[in-house]
Every structure is written in structure tokens, then in C-alpha cells.
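The block underneath contains the structure these notes are about, expressed in C-alpha cells.
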Amino acid sequence: MPRVNRFPKMAALQKFRAMKLGYPEDTAESIGIAEALKYAIFKRIAHSGKRYRELEEKKKKPEISLDWETFRTFGLASHRGKPFVGGKILTPEDYRKAVLYRWGETGRRIESWAKSIIDLVPEEYLRDERKFFKEVWVPHRDEPIE
Numbered sequence: 003m004p005r006v007n008r009f010p011k012m013a014a015l016q017k018f019r020a021m022k023l024g025y026p027e028d029t030a031e032s033i034g035i036a037e038a039l040k041y042a043i044f045k046r047i048a049h050s051g052k053r054y055r056e057l058e059e060k061k062k063k064p065e066i067s068l069d070w071e072t073f074r075t076f077g078l079a080s081h082r083g084k085p086f087v088g089g090k091i092l093t094p095e096d097y098r099k100a101v102l103y104r105w106g107e108t109g110r111r112i113e114s115w116a117k118s119i120i121d122l123v124p125e126e127y128l129r130d131e132r133k134f135f136k137e138v139w140v141p142h143r144d145e146p147i148e
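Each number in my numbering corresponds to the 1-based position in the sequence shown with 2 added.
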């Protein structure tokens with residue numbers, strides 16, 4: 003079985019986090035991939051939240067207006083109800099390509115792994131980005147996918 007990197011794990015955890023917070027599955031998939039991409043950007047550029055926001059505002063095309071309230075819990079910008087990260091609007095299809103299509107049957111196991119973790123997480127951690135990162139992501143990010 004291939005070793006699963008952190009990106010699809012983060013995407014799946016965030017999908018199930020969003021679903022547990024009441025988002026429909028399609029929106030949750032968009033949030034999942036957006037969060038994984040956001041964290042990859044954070045890791046690469048090591049900017050603060052404020053600088054990240056400035057970076058997103060600079061990357062958008064003039065005709066795109068960003069809303070920072072729709073996905074406030076996640077610290078994500080949105081455009082017309084879809085997450086916006088790295089200069090692009092993210093969709094459920096982006097999630098499916100990165101987790102399910104790319105990883106095949108392992109993608110389903112990634113989702114099962116993520117759901118089993120999120121099912122046990124208190125809502126307080128789901129609503130707080132820092133607590134989620136520290137109490138959920140850090141302890142589980144390097145677990146193998148069986």
C-alpha cells in the first residue's frame with residue numbers, strides 16, 4: 003500500500019470537520035481541499051494569518067470579490083459561496099481529484115480514518131482553528147492509513 007502524505011489526510015479531516023459543523027457534503031469537500039491547500043501555503047511561506055489574507059487579496063482577479071465571513075470558522079476567503087485559496091475557487095471536484103481519484107481505494111480508507119477521528123472531536127475544537135490544529139491535526143497527521 004502506498005504511503006499517504008499529509009495533504010489528503012488534511013483535506014479529509016477538514017471535510018468531515020465541516021460536515022460535523024453542519025455544512026452539506028459538497029461544500030464540505032470544497033472546504034476540505036481549500037483547508038489542505040491553505041495549510042500547504044502556510045507551511046511553504048510561513049506567513050501570519052493577516053499576511054495570508056493580504057496574499058489572497060493580491061492573487062484574486064479584479065472581477066472577483068472575496069468574502070471573509072462565509073467560512074470564518076476556517077479562516078477562508080470565499081467567492082459566491084465557494085472557498086478561494088491560492089488564487090483559485092475550489093470545488094468538490096478538486097477534493098475528489100486530490101483524495102478519491104488520485105488515491106483510489108486508499109482514498110476511501112483516508113476518508114474512513116478521518117471520519118473516525120472527527121466523530122470523537124468535541125465541537126469546541128471544531129470551531130477553533132488553533133485547537134483543531136493542535137489537538138486534532140498534530141496528534142494524527144503521521145498515522146498510517148490501514
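The beta-carbon is built from N, C-alpha and C at its ideal position, and this holds for glycine as well.
query                                                                                         : result
Beta-carbon proximity check, K11 vs R143, cutoff 8 Å                                          : yes
Meets three-Cβ-pair contact criterion under 8 Å: the region 112-123 and the region 11-23      : yes
According to DSSP, residues forming a beta bridge with V87                                    : K90
Proximity below 8 Å, CB of G83 to CB of K62                                                   : no
Span separating the alpha-carbon of A13 from that of E125                                     : 18 Å
E125 - containing alpha helix (DSSP H), residue span                                          : E125 to R129
Where I35 falls, given that 16 or more other Cβ within 10 Å makes a residue buried            : buried
Local Cβ density within 10 Å of Y103, reported as buried at 16 or more and exposed below that : exposed
Opposing strand residues paired with H81 [DSSP bridges]                                       : K84
DSSP state of D96 mapped onto helix, strand, coil                                             : helix
Element boundaries [beta strand (DSSP E), containing F73]                                     : D69 to F73
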